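Just below is one structure, and these are the notes that go with it.
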Amino acid sequence: MVNIERYHSILEELKLYGASLVAVSKTRPIEDIRELQKNGQQIFGENYVQELIEKHQEIAKAEWHFIGHLQSNKVKNIASFISLIHGIDSFNLLKELNKQSEKANRITNCLLQIHIASEETKFGLSYEEADQLLNSDLPSQLKNVSIKGLMGMATLTDDEKVIRNEFRKLGEYFSKNKKPGLSILSMGMTSDYKIALEEGSTMVRIGSAVFGERG
Ligand SMILES: *Cc1c(COP(=O)(O)O)cnc(C)c1O
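Spelled out as structure tokens, the structure:
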């Protein structure tokens, strides 16, 4: 069930930090997305390509973000409409995005996902790999992609200190690398967005708090 009251209170919180909200609508029915949209939400985040495509066809007048792990062979299916891809985690994926964006005759915005969690299963570039990429000629050579910032997911734990440390390190790395154009720091979800905001997040990805628990 959509929690409109909670939605508005989260927006108030975000305003204090100048941060924006991606409403994570994965697994949610179209009606729920429409209801949130009626209340003013424009940006929705999805993690599965097929589901994203179906929802985009139903609701074209929203900004769709891809927040999950993107396989190279699926880039072509979303390159024509996606507003922001949060999870660029390899040079090859970035190159493929450039290629498909060129075919679609557009420039696609994206974020580099940095691996900040202690779990090995989470995707992302190491800080060293991100350094390499950001300091290479690649970003200027790839004319059809625009790297707008960074994204990170903290370890799934109840230990706030662990989460805060991971977000803090990414926040500091973001500040250090901040240049014109690199302005988005996507971190924080329902369980940890308050910590993320305190550590410099400019964009949170929230699902359960506004749409209810996922079944
Ligand atoms: C599902 C998901 C979220 C939102 O999670 P909630 O706990 O429902 O807020 C945020 N980011 C990513 C990458 C996700 O997959």
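216 is the number that the working numbering gives the last residue of the sequence shown; the numbers go up by one with no jumps. Every residue, glycine too, gets a C-beta built ideally from N, C-alpha and C. These numbers come from a predicted model, not from an experiment.
Ile164 is the residue among Tyr174, Ile164, Lys170 and His57 whose C-alpha sits nearest the C-alpha of Ile196. Taking a cut-off of 8 angstroms on C-beta distances, the stretch 144–151 touches the stretch 163–183, as three or more cross pairs fall below it.
Counting only residues of its own chain and dropping the five nearest sequence neighbours on each side, Thr28 has a CB closer than 6 angstroms to the CB of Arg215. Rounded to whole angstroms, the separation of the alpha carbons of Thr156 and Arg7 is 25 angstroms. In the DSSP annotation of this structure, the continuous segment of the alpha helix (DSSP H) that includes Ala210 starts and ends at Ser209 to Phe212. Residue state for His116 is assigned as coil, using DSSP reduced to three classes. Within the same chain, and ignoring the five residues on either side of His87 in sequence, the residues whose Cβ sits closer than 7 angstroms to its Cβ are His66, Phe67, Ile68, Leu112, Gln114, Met152 and Ser187.
By the Cβ neighbour-count rule, Gly172 is buried, with 16 or more other Cβ atoms within 10 Å of its own. Taking 8 angstroms as the upper bound for CB-CB distance, Ala118 and Glu167 are in contact here, some 6 angstroms apart.
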